[in-house]
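No gaps in the numbering here: position 61 of the sequence shown is 61 in my numbering, and each next residue is one more. Don't be surprised by glycine CBs; every beta carbon is placed ideally from N, CA and C. From a predicted model like this one, the values you see are computed outputs, not experimental measurements. Since the structure comes first, as C-alpha cells, the remarks are kept for the end.
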Amino acid sequence: MPEKIIKSADRVKDIGEVFTPKKIVDFMLDQPEIQEKVNSLTATFLEPSAGEGAFLVELLKRKLSFVTEQSKDMKKMQINFLRALSTLYGIELMQDNVEMLVINMVNTFRDVYFNTFSHEDQDQKVLKSANVIISANMAQGNALTRKTNTGEPIIFSEWKPLPKGKVQRTEYTFDSIVEGGNATGTVQSEFEQLDLFAEPDNNDPEDDENKSYVPCLWEDIYKKKIE
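In C-alpha cells, the structure reads:
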C-alpha cells in the first residue's frame, strides 16, 4: 500500500500540509546526536508540527525498545515505559490530525506493551496512566502563535521523577516554556485541551485555580489527584 504523504491538494495549498515519509523519519532519527537522546529517559522531544505522529510514533518505538533492553526488573521496566512516554510532546494545527496522533500514540504504546509483558505482568493502571500522559502531551494548536484554535494558551505537563518511584506533574503554558517562565499554578480543566479519554468534568473551572497535582506513583498518574 503506497505511503500517504498528503490528505488533499486543498490542504497542501491552504496550510502547506505534507506528511514526512518514513524513510526520511528513519534517516533523521538515525543521526548519532539524535540516537544519544533517544537512548535517554530524561531527554525530551517536541514535534511542533506533529501531523498524525510520523516522528513521535517512531521515537516512542525506539525509546521503548531502549527501555526493554536496559531494564531487567519487570516492575521497573513498566515504570520506565511511562517515563519514556512522558518525554514526548507534540503540537498539531489540524483537529483531525491531532485526534489521529493521540490514537496512534496510544496504539503504539499498547502494542509494544502487550508484546513485552506477559498477561500476568500487565497492569491496567499503567495503560490508563499512559493515556493520561499522551492526552496531556499532545496538543491542538499553532506552534507559532503558541495558542489553541480557541485562542487559549497551549498547555503542557512536565513529569518530574521523584524518589521512591513517584512523579510530580506540573503544568506550563507553551509560551512560558519558550520564554523560560513559571508554571501556571493551576490545574487545567479536562476539556480545555483535547482528551479522548476524559470522563465528564462537572467541577467549576474556578475550583481549579491555585491547585496543583499531588505527587504520586507513576502508575497512579491516571487518578489525577489535586490539592
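According to DSSP, residues forming a beta bridge with residue i
{"i": "Ser157", "result": "Glu171"}
{"i": "Leu213", "result": "First, the residue type needs correcting, since residue 213 is Tyr and not Leu in the sequence shown. Looking at the DSSP assignment, Tyr213 forms a beta bridge with Ile226."}
{"i": "Asn142", "result": "Lys147"}
{"i": "Leu162", "result": "Lys166"}
Beta-carbon proximity list for residue i, same chain, < 8 Å, skipping 5 on both sides
{"i": "Leu101", "result": "Ala50, Gly51, Glu52, Gly53, Leu56, Gly90, Glu92, Met138"}
{"i": "Lys166", "result": "Pro215, Cys216, Leu217, Trp218"}
Residue burial classification, residue i (beta-carbon count within 10 angstroms, cutoff 16)
{"i": "Asn97", "result": "buried"}
{"i": "Leu144", "result": "exposed"}
{"i": "Glu171", "result": "buried"}
{"i": "Leu194", "result": "Note that Leu194 scores a pLDDT of 49, beneath 50, so its modelled location is shaky; the value from the coordinates is reported in the next line. Label assigned to Leu194: buried."}
{"i": "Met28", "result": "exposed"}
{"i": "Lys160", "result": "exposed"}
{"i": "Gln140", "result": "buried"}
{"i": "Ile133", "result": "buried"}
{"i": "Ser270", "result": "Only positions 1 to 227 of the chain appear in the structure, and residue 270 is not among them; the question remains open."}
{"i": "Ile221", "result": "buried"}
Close Cβ partners of residue i (< 7 Å) along its chain, the five nearest in sequence each way excluded
{"i": "Pro123", "result": "In the sequence as presented, Pro is not what sits at residue 123; that position holds Asp. If we look at Asp123 and ignore the five residues flanking it on each side, its Cβ neighbours are Gln78, Glu219."}
{"i": "Leu162", "result": "Gln168, Pro215"}
{"i": "Leu60", "result": "Leu85, Leu88, Met105, Thr108, Phe109"}
{"i": "Asp30", "result": "none"}
{"i": "Lys72", "result": "none"}
{"i": "Val67", "result": "Met77, Asn80, Phe81, Ala84"}
Nonlocal neighbours in the same chain, by C-beta distance under 6 Å from residue i, ignoring five residues either side
{"i": "Lys75", "result": "none"}
{"i": "Arg62", "result": "Val38"}
| task | Write down every uninterrupted run of the beta strand (DSSP E) in the region 88–139 whose length is 3 residues or greater and which is fully enclosed by it, in chain order. | result | 88–92
| field | Runs of beta strand (DSSP E) lying entirely within the region 15–80, each at least 3 residues, in chain order | value | 45–47
| said: Quick check: the region 71–88 against the region 37–48, are at least 3 beta-carbon pairs closer than 8 Å? | reply: yes
| request: State whether the region 116–136 contacts the region 68–83, with contact taken as three or more CB pairs (one from each stretch) at a distance under 8 Å. | output: yes
| request: Examine the Cβ distances between the region 173–181 and the region 144–154 and report whether three or more of them are shorter than 8 Å. | output: yes
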